[in-house]
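Participant:
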Amino acid sequence: MPAAVAAEASLGDQVAVFIDLENLALGAGEDLPGQAEPIPYKALELLCRDYGNTSIRRAYADWSRPEFGRYQNNLAQNGITLIQVTRFGAQQKNAADILMAVDAMEVLITHPDVGTFLLVAGDGDYSPLVQRLREWGKRVVGVGTKASASARLVAVCSEYKYWGTIVAAVNPAVRAEVGANFDIADAKRLVVAAMEESPDASATGSWLKSKMLALDPSFDERNYGSSSFRVLLSRLPDLVEVKKDRSSSDMLVTLVARSAKAPADGAKAPARRRKATPKQVVAP
1278 MPAAVAAEAS LGDQVAVFID LENLALGAGE DLPGQAEPIP YKALELLCRD YGNTSIRRAY
1338 ADWSRPEFGR YQNNLAQNGI TLIQVTRFGA QQKNAADILM AVDAMEVLIT HPDVGTFLLV
1398 AGDGDYSPLV QRLREWGKRV VGVGTKASAS ARLVAVCSEY KYWGTIVAAV NPAVRAEVGA
1458 NFDIADAKRL VVAAMEESPD ASATGSWLKS KMLALDPSFD ERNYGSSSFR VLLSRLPDLV
1518 EVKKDRSSSD MLVTLVARSA KAPADGAKAP ARRRKATPKQ VVAP
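For the sequence shown, our numbering begins at 1278 and goes up steadily by one.
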């Protein structure tokens, strides 16, 4: 039976990376149409070190096909093991999905020290795998392209990162192109939705970001060109007020609309004017 799902894996745990390279290559070409190298070495390097000690690294594809085989060198130089996907008959479409899912479940059993599973995939068929890993208390970070990411898969992951944002972090030339795919109004709505669930008027920055990820696993401040969550909030002065938390190194965040509304709520309501009562005329 799986362990209780009270707490998910921390960043200090071992990390296993599984890459559906075929899915990534097809989606990256759509997300970054002007790039000769939509899966660059530096982006793979960032992917493999962003979540801790990546002890298992595997990529799945039919490497005999040139549209996938061209990435073998970048993958191998990042210590990623290349798994050949061989297709026969009717099982052609899901061959990589099945092989990757079987390997992930094997790692779950044979490597209990792996606390974070990073799945580079956008297909909704991976959703049952993600749900089972999370039942066992594992943290599951999905990575995919905005063009091909399944809404169902995004919803069941602990976090979901977009490949274009990862590439933009290592290649400034594509930041404007990638940023055009995200509307900061979506981030504003998410901030408001999260703050409305806060029991107090103010919330710490760490609580707020955690709540935003719970509401939308695909939230990432880097989607909006911000290097940190604090930087993103500083770009929303009309929405939130950010102060230093005196009791910790965290920050305290308050909705501007909520803080502006508080004095009005506490003020006394203006007295209602009484209607003048017509005087009665007493007959002589």
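Even for Gly, the Cβ is constructed at its ideal location relative to N, Cα and C.
Given 8 Å as the limit, is there contact between the segment 1408-1420 and the segment 1468-1480, that is, 3 or more CB pairs closer than that?
Facilitator: no
Participant: What are the partner residues of R1466, as DSSP defines its beta bridges?
Facilitator: Its beta-bridge partners do not exist; DSSP assigns none.
Participant: What would DSSP say about T1331, mapped onto helix, strand or coil?
Facilitator: strand
Participant: Kindly list the residues whose CB is nearer than 8 Å to the CB of D1493, restricted to its own chain and excluding five residues on each side of it in sequence; keep chain order.
Facilitator: These residues qualify, in order along the chain: L1467.
Participant: If D1380 sits next to V1362, beta carbons under 8 Å apart, how far is it from one beta carbon to the other, in whole angstroms?
Facilitator: So it is not a contact: roughly 11 Å between Cβ atoms.
Participant: If you reduce the DSSP assignment to three classes, tell me which class G1356 lands in.
Facilitator: coil
Participant: Within a Cβ cutoff of 8 Å, which residues of the same chain sit near T1481, ignoring the five residues on either side of it in sequence?
Facilitator: Annotation for T1481: D1522, S1525, D1527, M1528, L1529, V1530 place their beta carbon closer than 8 Å to its own, counting only its chain and skipping 5 residues before and after.
Participant: Sort out for me which residues DSSP pairs P1421 with in a bridge.
Facilitator: The residue you asked about is not Pro; residue 1421 is Gly in the sequence shown. DSSP, once it has assigned bridges, lists Y1439 as partnering G1421.
Participant: DSSP three-state label for G1502, please.
Facilitator: coil
Participant: Out of L1516, G1401, L1396, I1333, state which residue places its alpha-carbon closest to the alpha-carbon of V1563.
Facilitator: Residue 1563 cannot be examined here, being either before or after the span of the chain that is shown, 1278 to 1561.
Participant: Where does A1428 land, buried or exposed, given buried means 16+ other C-beta within 10 angstroms?
Facilitator: exposed
Participant: Would you list the one or two residues that DSSP bridges to Y1337?
Facilitator: D1297, I1360
Participant: Tell me whether W1440 is buried or exposed, calling it buried when 16 or more other Cβ atoms sit within 10 Å of its Cβ.
Facilitator: buried
Participant: Excluding the five sequence neighbours on either side, which residues of its own chain have a C-beta within less than 7 Å of the C-beta of R1347, listed in chain order?
Facilitator: none
Participant: Please report the residue range of the alpha helix (DSSP H) in which F1394 lies.
Facilitator: Unbroken run through F1394 is the beta strand (DSSP E), 1391-1397; no alpha helix (DSSP H).
Participant: Going by the DSSP bridge assignment, what does S1479 pair with across the sheet?
Facilitator: Beta-bridge pairing links S1479 to T1531.
Participant: Can you tell me where the beta strand (DSSP E) with V1451 in it begins and where it stops?
Facilitator: First-last for V1451: undefined, no H or E at that position.
Participant: Taking contact to mean 3 or more Cβ pairs, one atom from each stretch, closer than 8 Å, check whether the segment 1433-1449 and the segment 1307-1325 are in contact.
Facilitator: Yes: the two stretches touch, three or more of their Cβ pairs being nearer than 8 Å.
Participant: In angstroms, rounded to a whole number, what distance separates the CA positions of G1392 and G1304?
Facilitator: 27 Å
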